[in-house]
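Novice: This is the structure, below, for whatever I ask next.
Protein chains: 6
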Amino acid sequence: MFYTDNKLQFPVRVENPNPLFARALQQAIGGVEGEIRVAMQYFFQAMGARGDPKFRDLLLNTAAEELGHIEMLATAVALNLENAPLSMQEDAAADPVAGAVLGGINLKNLLSAGLSAMPVDSDGVPFDMSHIYASGNIAADMGANVTAEATGRILAVRLHNMTNDPGMKEMLQFLIARDTMHQNQWLAAIEELGGNENVYPIPNSHPQSEENREFSYAFLGFQQDGSEPPQGRWSDGQSIDGNGTFASRPMQPLGEEPSLGRARPNSGAQAEQL
Amino acid sequence: MFYTDNKLQFPVRVENPNPLFARALQQAIGGVEGEIRVAMQYFFQAMGARGDPKFRDLLLNTAAEELGHIEMLATAVALNLENAPLSMQEDAAADPVAGAVLGGINLKNLLSAGLSAMPVDSDGVPFDMSHIYASGNIAADMGANVTAEATGRILAVRLHNMTNDPGMKEMLQFLIARDTMHQNQWLAAIEELGGNENVYPIPNSHPQSEENREFSYAFLGFQQDGSEPPQGRWSDGQSIDGNGTFASRPMQPLGEEPSLGRARPNSGAQAEQL
Amino acid sequence: MFYTDNKLQFPVRVENPNPLFARALQQAIGGVEGEIRVAMQYFFQAMGARGDPKFRDLLLNTAAEELGHIEMLATAVALNLENAPLSMQEDAAADPVAGAVLGGINLKNLLSAGLSAMPVDSDGVPFDMSHIYASGNIAADMGANVTAEATGRILAVRLHNMTNDPGMKEMLQFLIARDTMHQNQWLAAIEELGGNENVYPIPNSHPQSEENREFSYAFLGFQQDGSEPPQGRWSDGQSIDGNGTFASRPMQPLGEEPSLGRARPNSGAQAEQL
Amino acid sequence: MFYTDNKLQFPVRVENPNPLFARALQQAIGGVEGEIRVAMQYFFQAMGARGDPKFRDLLLNTAAEELGHIEMLATAVALNLENAPLSMQEDAAADPVAGAVLGGINLKNLLSAGLSAMPVDSDGVPFDMSHIYASGNIAADMGANVTAEATGRILAVRLHNMTNDPGMKEMLQFLIARDTMHQNQWLAAIEELGGNENVYPIPNSHPQSEENREFSYAFLGFQQDGSEPPQGRWSDGQSIDGNGTFASRPMQPLGEEPSLGRARPNSGAQAEQL
Amino acid sequence: MFYTDNKLQFPVRVENPNPLFARALQQAIGGVEGEIRVAMQYFFQAMGARGDPKFRDLLLNTAAEELGHIEMLATAVALNLENAPLSMQEDAAADPVAGAVLGGINLKNLLSAGLSAMPVDSDGVPFDMSHIYASGNIAADMGANVTAEATGRILAVRLHNMTNDPGMKEMLQFLIARDTMHQNQWLAAIEELGGNENVYPIPNSHPQSEENREFSYAFLGFQQDGSEPPQGRWSDGQSIDGNGTFASRPMQPLGEEPSLGRARPNSGAQAEQL
Amino acid sequence: MFYTDNKLQFPVRVENPNPLFARALQQAIGGVEGEIRVAMQYFFQAMGARGDPKFRDLLLNTAAEELGHIEMLATAVALNLENAPLSMQEDAAADPVAGAVLGGINLKNLLSAGLSAMPVDSDGVPFDMSHIYASGNIAADMGANVTAEATGRILAVRLHNMTNDPGMKEMLQFLIARDTMHQNQWLAAIEELGGNENVYPIPNSHPQSEENREFSYAFLGFQQDGSEPPQGRWSDGQSIDGNGTFASRPMQPLGEEPSLGRARPNSGAQAEQL
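Chains as they are written, first to last, in full-length UniProt numbering: chain G, 1 to 274; chain L, 1 to 274; chain F, 1 to 274; chain A, 1 to 274; chain B, 1 to 274; chain H, 1 to 274.
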């Protein structure tokens, strides 16, 4: 069960409302790097968490925090839209700045939501729940969460660099700090699961003896002229999972040109294909 | 530029065509864990790669490989659909097995594609390019790629466990091996970028002195009764990025209940809100 | 069957073509509050209408009208795009107004449709037919239609407030009037079905004696501190459907923390979860 | 801010796990009539609530409840998938029942989520946040919520009628009761806003004297032969909003056949159109 | 304006209702080859038709017909769902045929629409209006329409081959005939525009003297070994548009490996990229 | 298998970076007329090509070329974003031109991708793979490809007309030339399949004797007043496929008003419908 106290986790102040910045903030709500995504991702990972129950609790706890982040950002969007022009009169040719504003905002924030936040990204595209990665594999989920928080913190930093509003900068430095913690938190969960050498390759429940070991640690080249692709840590030395040794070589096709033969009657093909 | 030789990277054989398995294989083509996703993700990450050019080349090289994996899987789908029923007569009441087959396949594989593969997932939902994560931050991209290969290998293992066809098992053990390599490859790229202590928090170009350090390494609790959430590696000891020390405490709201005040005239609200 | 006479239901005039307003008008075509939605919603509700056939006819009749509204709005979009800049030269630094215009329009209206309307919303997002609510329950359908016309009229009012063009204002005051009628029309249909006391709770064919009556008219509180949520008509007095009495109390969980146990072998989980 | 106690609002028991019913339950999670929709809709309506703050609190309180309903249903999905076949061996020709099961479930519940719930509907289509109606108009929002709860209760009734599992029936009768309350609750909010005569037409802040009153209460006919469409409460008597009198007549076009003239040079048209 | 007479263009009879076939028929309503697509495509092409007005009228006329085809198919879906099982009791282990039925239908037809048609495809994916091709170029539009009718007729043929129901076969043979006509009709429109030699390359208003003529009629090879790709009509002889002569040669890159240089400060990249 | 050499097919130069033009170019990457679409369409058509294998090879060869076109355009987008403003300070009121720029770009190119290209269209909508038409019918596929290249060339011409940058114009004139070739190439394939008289109606494997010949070549009118729709090549003379003679007449409904009768018990309808 979830509960609320209707308050904000951290104060949200906007000194100079800026509708263009409201549009940018929408990315942190409904973008694939945004807060709906992490809130729902941690929630659904918890719903499928099998094994040690502490991961379920950890996920639900952080899901609750992220719901509060949506609240903060949605409040920030509404406050930044406070003075947005409602009429094209306000942005006539005499006032190109206002024209740029009306042209530059997500019109749906005005036309659909009446100067409020929406679950859409900075270009007005609605968030789509296919971005909720919850695999039933606890290690894959933790890795997906590190990724989500990494892109989330990049976004918060870009938003921070984009604004001069002191209230907005303060709010974003709080969110950046939380993203620092959350990146570390999910990395710590991977460490608790045994670290890279125990965790990888994911899933570690599939016996590696069965996979085609000839290709498990080979860096293959697909350069048109048959040359080696760029060398690096990935082409030499022990593999990160500790189970093999990196090697490198150009790839040549092992399979032939496939043929599906002729089309079946009644399959809607042209007569020439039958 | 890209080139082709029309051949398959690895042989694709199907001994007992199974249209239900064709449906399952579609997830590995057009699912969010599938091969279109990694091919296009590495491609677009390469398109935005700034800094050391070897990462661009590494990404394009692996994108080329993944295109070949789509070829393999699409061939496998078509071969598994070889004997799929084209008529409801074939699966009349007298033959419930065939009925289950026609009811169980993605009908679009038959109705839209004429017994061929499509860029859709196992429930017939088309792949949507919002899943291409390419952030402009090389470390975030590498992390996203580890995640993609982890979910990709989980999927390949589940598909492998689902079939008894020797040809399909062989193909999947090859793909599982490649996913082992690719997980290791992107982890190796993170190591080449300096490893966890240098890489995190992502982006490492934002000065941590500016973020709200009080919250950077605090594990906050959102339990209704004010209790601590489950403790673990994430609540104690040095942070994974080496820049702080984990601590833990329940969270209390720092912000008040927000108020947006009254609605503006002409904003389409009810008179009672003005 | 449907027929056409190629004419418009109401005259569409644009005195001062404004490409930004064309973008705003797109919301009334392809937005979730727009005319494609109501036309198709009434159409599909008619297709599933069982029981008294007059509702089927009512729905098809209004669907025909809404098709005509799409025609009016699409014509208005094309006329407003009449002078849109086709070249970035036209909006060079010397002419920031034109720059705001080119930056502010849906580029697809120009690049995909050659200065014509599209079935997309004001941010260029295509309309998606999942918004067609047709439940097979005639009362739920009527309620959904009131909602659709309410948001439709809000949108038309916002568009009306945004423009000064006399032709556009006249067209929108016509559409606002039709939305007045349509709100009243679907409310009248609910009255014809017996009014709130007969219609609710929807569906009225499910015997209320079977539902868990302890919770049928209880306003439950989910405040973190166990306090009551805000009181109102919903927490006191007879229920609107006339079948119960409102009461109010804080909720406490009746279920335990769920456990899914350990993961199954071969399910792609980590070994630690098995 | 949101808080959790990790417990369920109401007990969730499954006596006879049924993977097909798990698929059906997905509609109540990620379908357009489902719980994600209402949770997020009430949340975002709260984020844009201007005017009397009690509506904001009411909305957030109910959003918290709906989050708990997602928990219940997601648990129910996982429990129903408990024995789902992981291998096609299990559903060989000898066992058509198991074959129907594997063919009939959402394969993503197995392949993507490892026998857990996902934010998708019963056909595996991910929920898309464009269904979150939050208009900035409190009356329109309340009406949208009645609609959401009506379709939600219809769905719960259909699910209830589909299963014989005592635990599932008990859970659904609880959810049906909550939908009864929530329909009444939002109708009560409309009453609190003044009832139909004050609330409609939405938005009531637009002066009706400005709209084209000739068409505000006229039921127009679009029958091919110029006849009247079916008469009813909507064609006669005082309008529901009390502001007019219903009348009825066939419609004839008031506008001419529109002409966009010739295409502009450089607009990508054929030469014949220029 | 559009009008209706509530009747069907052609009789729709179902002798043996088959819910699986209802699912298949959904593809002809909401699939990308379906009737919503052509109805809306011709409608929006008419909305953007500039130049000779007869094309606008032709398009609107055919749009009206296609609306009637949706009616026919939606009626057919509802009739085929007539006896669909509403309960899982009906398809217990003792009755695998019914089990296959419930597992094989689109559950949304039952759960969302109460045994009626929906604007979704055969896998339950909603139709999305991005498939409405209306380019503002009359020749491109006519070509897109030939394509739409070609895939539409293939679909109708596949559906026809799938069923034995005499009523359904009769209905489909009518629709197949209309698709024959419509393919011919749009091809005739291309002929009216001057035929292939005048129409192509589309748009014919761009002066071909400006394009890079070295590559306008060259069939380029992208074979890994530098060999020629398969020869045919496309590699030899006069071009179809009559403006050039086909030739063939392997392609070699004319551009270098691109470099985007280093990342900008404040762009959210890793420090190593700056 | 696919290979790469990391080089560009044609040089990409940008003399005056223009972020607004970067937004426009996105349409040619991720729009429905763009290069992802053709690359993936030809790829998946090849995967389902049955019959003469030269079509499979032709398709794969051209898919490889189109992948190279995505590379060119993605590079062009990144180069045009080179100087895009990262901060709202740079576009303060004093500088409306910069304001128009920040308001006019796809913010995701900056916020999600760090000044790089994305697989989205010019309004930031992600490409969706349902646009990959691969029917299993070789003639339908060739026709779909002509259509794709026609809209692609229209788009390239519009982009060409929009910019003055010499490098961009040169790149676009190359792409326009390739679209000329590709239109001709797929038309040549239709000629190789026998030309219009052999190819149409698609699919030519369905015996026309079985279709309802009364309607196969009749141009039907749906004018409200029963008049003829506009006459043309489509209403008179031999049909394009050579198999019939065009005629024209108004249509009258052959079917009655359909009735679905009353709703079934337990189907979630209102009691009044049962």
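Where is the CB? At the ideal position from N, CA and C, for every residue including glycine.
(1) With 16 as the cutoff for other CB atoms within 10 Å, does G/ARG158 come out buried or exposed?
(2) Taking only three categories from DSSP, how would you classify A/ASP128?
(3) With 16 as the cutoff for other CB atoms within 10 Å, does H/PRO166 come out buried or exposed?
(4) How is residue 279 of chain A classed by DSSP in three states: helix, strand or coil?
(5) Could you name the residues of chain G that F/LEU260 contacts, counting a contact when the two beta carbons are closer than 8 Å?
(6) Residues in the same chain with beta-carbon distance under 8 Å from residue 276 of chain B, minus the five sequence neighbours each way, listed in chain order, please.
(7) Need the endpoints of the beta strand (DSSP E) that B/THR62 sits in, please.
(8) Tell me which residues share the same chain as L/GLU35 and place their Cβ nearer than 7 Å to its Cβ, disregarding the 5 neighbours each side in the sequence.
(9) Just checking: is the beta-carbon of F/GLN45 within a distance shorter than 8 Å of some beta-carbon in chain A?
(10) Is there at least one Cβ from chain B nearer than 8 Å to H/PHE215's Cβ?
(11) Leaving out the 5 sequence neighbours to the left and right, which residues in its chain are closer than 6 Å to G/GLY124 when beta-carbon positions are compared?
(12) Please identify, using Cβ separations under 7 Å, the residues of the stretch 147-174 of chain F that lie next to chain A, in order along the chain.
(13) Excluding the 5 residues preceding and the 5 following F/ILE138 in the sequence, name in chain order all residues of the same chain whose CB lies nearer than 6 Å to its CB.
(14) DSSP state of H/LEU260, grouped into three classes?
(15) Cα separation between A/GLU192 and A/ARG213?
(16) Taking 8 Å as the threshold (C-beta atoms), are G/ALA113 and A/SER135 in contact?
(17) Please report the straight-line C-alpha distance between H/GLY48 and G/LEU260, rounded to a whole angstrom.
(18) Mind checking the stretch 175-201 of chain L against chain A and listing, in chain order, the residues whose C-beta falls within less than 8 Å of any C-beta there?
(19) If the cut-off is 7 Å on Cβ atoms, which residues from the stretch 56-75 of chain A count as contacting chain D, listed in chain order?
(20) Looking only at its chain, what residues have a beta carbon closer than 6 Å to the beta carbon of B/PHE43, apart from the 5 residues adjacent to it on each side?
(21) So, do the stretch 243-258 of chain H and the stretch 207-227 of chain B have three or more beta carbon pairs nearer to each other than 8 Å?
(22) Is it right to say F/GLY242 is buried, meaning 16 or more other beta carbons lie within 10 angstroms of its own, or is it exposed?
(23) DSSP three-state label for A/PHE219, please.
(24) Please look up how many angstroms separate the CB atoms of H/PRO11 and B/THR180, rounded, as I've assumed it's under 8 Å.
(25) Terminal residues of the continuous alpha helix (DSSP H) containing B/PHE174?
(26) Is any beta-carbon of chain F found at less than 8 Å from that of H/ASN18?
(27) Under 9 Å between beta-carbons, which chain L residues line up against B/ARG23? List them in chain order, please.
(28) Please state if the CB of B/ASN145 and the CB of H/SER239 are separated by a distance shorter than 8 Å.
(29) Rounded to the nearest angstrom, how far is the Cβ of A/LEU60 from that of G/ASN6, given a contact under 8 Å?
(30) Whose C-alpha, out of L/GLN41, L/ARG50 and L/MET118, is nearest the C-alpha of B/ARG264?
(31) So, is the C-beta of F/SER235 closer than 8 Å to a C-beta in chain G?
(32) Helix, strand or coil for G/GLN238, going by three-state DSSP, please let me know.
(33) Taking H/PRO253 as the query, report the chain F residues whose CB atoms sit under 7 Å from its CB, ordered along the chain.
(34) For residue 328 of chain L and L/ILE132, what's the separation of their Cα atoms in angstroms?
(35) Near B/GLY104, what residues of its chain come up, given a Cβ to Cβ distance below 6 Å and the 5 sequence neighbours on each side ignored?
(36) Could you name the residues of the same chain whose beta carbon sits closer than 7 Å to that of A/GLU228, not counting the 5 residues immediately before and after it, in chain order?
Specialist: By the coordinates alone:
(1) buried
(2) In this structure, A/ASP128 counts as strand in the three-state DSSP scheme.
(3) exposed
(4) Residue numbering for chain A in the displayed model covers 1 to 274; residue 279 of chain A lies beyond these limits and cannot be assessed.
(5) GLY48, ALA49 and ARG50
(6) Missing from the structure shown is residue 276 of chain B; chain B here goes from 1 to 274 and no further.
(7) It is not in any beta strand (DSSP E) - B/THR62 instead sits in the alpha helix (DSSP H) that spans 53-80.
(8) ALA28, ILE29, GLU66, HIS69, ILE70 and LEU73
(9) False, the Cβ-Cβ gap to chain A never drops below 8 Å.
(10) yes
(11) ASN106 and LYS108
(12) THR147, ALA150, THR151, ARG153, ILE154, VAL157, GLN173 and PHE174
(13) PHE55
(14) coil
(15) 28 Å
(16) yes
(17) 8 Å
(18) none
(19) The question asks about chain D, but that chain is absent: this structure's protein chains are G, L, F, A, B and H.
(20) Result list for B/PHE43: ALA63, in chain order.
(21) no
(22) With fewer than 16 other Cβ atoms within 10 Å, it is exposed.
(23) strand
(24) No, H/PRO11 and B/THR180 are not in contact; Cβ-Cβ is about 48 Å, not under 8 Å.
(25) 166-192
(26) Interface residue (Cβ-Cβ distance to chain F less than 8 Å): H/ASN18 is classified as such.
(27) What B/ARG23 touches in chain L: GLY103 and LEU107.
(28) no
(29) 6 Å
(30) Ranking the options by Cα distance to B/ARG264, first place goes to L/ARG50.
(31) Contact with chain G is absent for F/SER235, since none of that chain's Cβ atoms lies less than 8 Å from the residue's Cβ.
(32) strand
(33) MET1
(34) Residue 328 of chain L falls outside the range modelled here, since chain L spans only 1 to 274, and no answer is possible.
(35) LEU20
(36) GLY221, SER248 and PRO250
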